[in-house]
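Here the protein sequences come in this chain order: A and B.
For what it's worth, my numbering labels the leading residue of the first sequence as 96, then goes sequentially.
For what it's worth, my numbering labels the leading residue of the second sequence as 96, then goes sequentially.
Heads up, the beta-carbon is just placed ideally off N, CA and C, and yes, glycines get one too.
Protein chains: 2
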Amino acid sequence: MLSRNEILFIKELHHKKGRSEQLLFVVEGSKSVSELLGSKLGVKKLFSLPKWLAENQKLVQRVEEVHTISEKDLERISQHKTPQEVLALAELPDYKLEQLWFDSAHHDSAHHDSAHHDSAHRGITLMLDGIQDPGNLGTIIRTADWYGVQNIICSPTTADCFQHKVVQACMGSLFRTAIYYTDLKSYLAKHKPYIIGAVLDGQNANEAKFPKDGCLLIGSEGKGISDELLPYINLKVSIPRIGKAESLNAGIATAILLDRLAGR
Amino acid sequence: MLSRNEILFIKELHHKKGRSEQLLFVVEGSKSVSELLGSKLGVKKLFSLPKWLAENQKLVQRVEEVHTISEKDLERISQHKTPQEVLALAELPDYKLEQLWFDSAHHDSAHHDSAHHDSAHRGITLMLDGIQDPGNLGTIIRTADWYGVQNIICSPTTADCFQHKVVQACMGSLFRTAIYYTDLKSYLAKHKPYIIGAVLDGQNANEAKFPKDGCLLIGSEGKGISDELLPYINLKVSIPRIGKAESLNAGIATAILLDRLAGR
Chain A
96 MLSRNEILFI
106 KELHHKKGRS
116 EQLLFVVEGS
126 KSVSELLGSK
136 LGVKKLFSLP
146 KWLAENQKLV
156 QRVEEVHTIS
166 EKDLERISQH
176 KTPQEVLALA
186 ELPDYKLEQL
196 WFDSAHHDSA
206 HHDSAHHDSA
216 HRGITLMLDG
226 IQDPGNLGTI
236 IRTADWYGVQ
246 NIICSPTTAD
256 CFQHKVVQAC
266 MGSLFRTAIY
276 YTDLKSYLAK
286 HKPYIIGAVL
296 DGQNANEAKF
306 PKDGCLLIGS
316 EGKGISDELL
326 PYINLKVSIP
336 RIGKAESLNA
346 GIATAILLDR
356 LAGR
Chain B
96 MLSRNEILFI
106 KELHHKKGRS
116 EQLLFVVEGS
126 KSVSELLGSK
136 LGVKKLFSLP
146 KWLAENQKLV
156 QRVEEVHTIS
166 EKDLERISQH
176 KTPQEVLALA
186 ELPDYKLEQL
196 WFDSAHHDSA
206 HHDSAHHDSA
216 HRGITLMLDG
226 IQDPGNLGTI
236 IRTADWYGVQ
246 NIICSPTTAD
256 CFQHKVVQAC
266 MGSLFRTAIY
276 YTDLKSYLAK
286 HKPYIIGAVL
296 DGQNANEAKF
306 PKDGCLLIGS
316 EGKGISDELL
326 PYINLKVSIP
336 RIGKAESLNA
346 GIATAILLDR
356 LAGR
């Protein structure tokens with residue numbers, strides 16, 4: 096049986112404060128935990144019903160601490176309405192935004208002047224300005240992973256990607272994608288990557304010429320891209336509308352534009 | 096102040112049984128209610144804080160019964176965590192699936208043999224097989240409206256589109272889209288429309304030749320398209336994957352394929 100302290104410890108990880116202090120986050124359910132165990136992220140503890148554990152002995156070998164627990168205990172620590180088989184505590188990845196540039200261009204640290212930073216920006220990076228709905232954020236991370244986007248840079252106003260609902264909606268893509276949080280204005284001012292911005296009054300995305308490398312910048316559902324970021328956009332695009340809906344969900348708009356960019 | 100009976104009556108509409116009995120559904124919030132009042136749907140009752148009502152006098156003229164209520168009363172009848180200004184009871188639309196064919200082709204009833212039914216199928220109709228997540232369904236309806244899809248045919252296993260979460264996620268598109276529920280197998284066997292099916296092992300959607308008219312059939316997130324419907328698919332397509340995610344969210348897949356179809 097789980098101790099009261101153990102339960103309290105896990106419950107603290109349901110909040111951002113607890114995650115930042117312990118540098119751990121919670122992953123639940125067979126599908127997500129299997130993807131976690133197959134990823135590069137560290138896994139500190141795992142709590143499983145006997146059945147799941149018996150079927151996944153090989154997968155859990157790399158976990159520091161494995162606990163067999165009862166359904167009742169799993170209910171106590173789960174955030175699911177109907178808890179599923181297994182719950183793991185994973186180490187919060189410590190992605191360094193500065194390394195995004197050097198790593199991807201294989202520069203050594205002697206060469207990183209600003210021009211090199213920009214040329215290091217290979218492929219498509221996603222940039223999210225204030226996506227607050229956790230389900231939306233999770234879907235965006237999953238879609239980005241589908242389209243081979245490996246880096247997502249988020250404004251501090253974007254939802255925390257290690258919270259339960261995002262982890263669930265990501266379906267494992269969270270463990271394959273580097274997600275950074277930073278002040279986007281300072282970042283853009285310093286690095287000046289090529290920015291494709293999704294706006295309502297931009298060029299028709301059917302006619303736009305997309306570059307091979309660049310950042311796709313998506314604004315929040317309600318407010319769009321922040322005014323202070325608009326001057327940094329190199330290519331403003333809009334998804335042409337045929338019917339009558341006023342706007343598209345931010346996740347849908349991201350997906351359609353990533354699909355267009357992938358086609359280049 | 097609202098009577099206890101009035102409150103109970105509205106709360107019954109939060110459930111499918113209540114909606115079917117009363118032929119009414121609940122719409123909440125300024126944005127959705129404004130869209131409702133601008134649509135063709137009947138609006139039976141409206142409950143508003145004094146401020147919203149004062150600002151929207153013209154809009155509410157067509158409502159049978161308008162009540163000014165307090166914030167406390169609004170809280171009592173709302174399904175929102177933080178209730179918003181206004182709540183309306185709209186009449187459940189009674190779309191007849193049989194009319195979809197005759198109306199769109201302007202045939203009179205003397206001519207509706209099966210061949211005519213098929214030719215009546217103009218533009219793109221969406222067909223949903225077991226989309227159970229209400230947020231997903233709402234996003235799909237909104238996206239369909241963006242792309243000019245006017246008819247959505249759902250399996251009985253698809254979520255009820257008049258429940259709170261779907262209404263919210265639709266952002267008004269629910270009031271412009273005819274949504275039908277029927278047994279898809281019987282329907283396809285009888286009408287034989289051209290079916291484009293989203294599957295995991297189909298033709299690359301980048302290379303597929305899409306027709307101008309037809310049904311886009313989307314399966315459920317977990318199970319895909321039901322086995323019994325597979326024989327009716329004329330064109331199986333898949334969205335090419337570049338990265339590593341195992342699948343796309345059903346709403347995202349729908350959006351990307353509608354975007355491709357819209358481009359034809």
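DSSP beta-bridge partners of residue i
i, result
"residue 366 (chain B)", "There is no way to answer for residue 366 (chain B), as the model of chain B reaches only from 96 to 359."
"residue 332 (chain A)", "A:298"
"residue 222 (chain B)", "B:248 and B:312"
"residue 293 (chain B)", "B:332"
"residue 274 (chain B)", "B:247"
"residue 160 (chain A)", "A:140"
"residue 319 (chain B)", "B:315"
Neighbouring residues, chain C, relative to residue i (Cβ below 7 Å)
i, result
"residue 234 (chain B)", "This model lacks chain C altogether; the protein chains it does include are A and B."
Closer than 7 Å to chain B by CB, residue i
i, result
"residue 271 (chain A)", "yes"
"residue 185 (chain A)", "no"
"residue 77 (chain A)", "Within the shown structure, residues of chain A are numbered from 96 to 359, placing residue 77 (chain A) beyond reach of any answer."
"residue 357 (chain A)", "yes"
"residue 291 (chain A)", "no"
"residue 199 (chain A)", "The predicted position of residue 199 (chain A) is uncertain, since its pLDDT is 40 and thus under 50; no value can be drawn from it."
"residue 124 (chain A)", "no"
"residue 237 (chain A)", "yes"
"residue 296 (chain A)", "no"
"residue 300 (chain A)", "no"
"residue 190 (chain A)", "no"
"residue 240 (chain A)", "yes"
"residue 247 (chain A)", "no"
"residue 351 (chain A)", "yes"
Rounded Cβ spacing between residue i and residue j (contact assumed at less than 8 Å)
i, j, result
"residue 246 (chain A)", "residue 195 (chain A)", "6 Å"
"residue 321 (chain B)", "residue 224 (chain B)", "6 Å"
"residue 169 (chain A)", "residue 144 (chain A)", "6 Å"
"residue 300 (chain A)", "residue 334 (chain A)", "5 Å"
"residue 316 (chain B)", "residue 255 (chain B)", "Contact flag wrong, Cβ pair sits at about 17 Å."
"residue 259 (chain B)", "residue 179 (chain B)", "So it is not a contact: roughly 13 Å between Cβ atoms."
"residue 138 (chain A)", "residue 157 (chain A)", "7 Å"
"residue 275 (chain B)", "residue 190 (chain B)", "6 Å"
"residue 38 (chain B)", "residue 161 (chain B)", "As shown, chain B starts at 96 and ends at 359. That puts residue 38 (chain B) outside it, with no answer to give."
"residue 244 (chain A)", "residue 219 (chain A)", "5 Å"
"residue 339 (chain B)", "residue 294 (chain B)", "With 8 Å as the limit, residue 339 (chain B) and residue 294 (chain B) do not qualify as a contact, their Cβ atoms being about 19 Å apart."
"residue 230 (chain B)", "residue 230 (chain A)", "6 Å"
7 Å Cβ cutoff, residue i in contact with chain A
i, result
"residue 387 (chain B)", "Coverage of chain B is limited to positions 96 through 359, which leaves residue 387 (chain B) absent and any answer about it impossible."
"residue 313 (chain B)", "no"
"residue 163 (chain B)", "no"
"residue 252 (chain B)", "no"
"residue 276 (chain B)", "no"
"residue 177 (chain B)", "no"
"residue 354 (chain B)", "yes"
"residue 303 (chain B)", "no"
"residue 228 (chain B)", "no"
"residue 284 (chain B)", "no"
"residue 113 (chain B)", "no"
(message) Can you confirm whether the region 224-238 of chain B touches the region 343-350 of chain B when touching is taken to mean that 3 or more C-beta pairs between the two stretches lie within less than 8 Å?
(response) The region 343-350 of chain B, when compared against the region 224-238 of chain B, does touch it at the 8 Å Cβ threshold.
(message) With a threshold of 8 Å, are at least 3 pairs of Cβ atoms found where one atom belongs to the region 122-132 of chain A and the other to the region 100-109 of chain A?
(response) A contact is defined here as three or more CB-CB pairs under 8 Å, and the region 122-132 of chain A fails this definition with respect to the region 100-109 of chain A.
(request) With 7 Å as the limit, tell me which residues of the region 215-226 of chain A have their beta carbon closer than that to any beta carbon of chain B; keep them in chain order. (result) For the region 215-226 of chain A, the set of residues with a beta-carbon nearer than 7 Å to any beta-carbon of chain B is empty.
(message) Which residues of the region 127-153 of chain A have a Cβ closer than 8 Å to any Cβ of chain B? Give them in chain order.
(response) For the region 127-153 of chain A, the beta-carbon criterion of a distance under 8 Å to any beta-carbon of chain B is satisfied by none of its residues.
(message) Closer than 8 Å is the cut-off here; do at least three beta carbon pairs connect the region 267-286 of chain B with the region 180-192 of chain B?
(response) Flag = yes, the region 267-286 of chain B and the region 180-192 of chain B touch.
(request) State whether the region 246-258 of chain B contacts the region 275-295 of chain B, with contact taken as three or more CB pairs (one from each stretch) at a distance under 8 Å. (result) Judged by Cβ distances under 8 Å, the region 246-258 of chain B makes contact with the region 275-295 of chain B, as three or more pairs qualify.
(request) Return the residues of the region 308-338 of chain A that lie within a Cβ-Cβ distance of less than 9 Å from chain B, sorted by chain order. (result) Within the region 308-338 of chain A, contact with chain B at the beta-carbon level (separation under 9 Å) is assigned to 334, 335, 336, 337 and 338.
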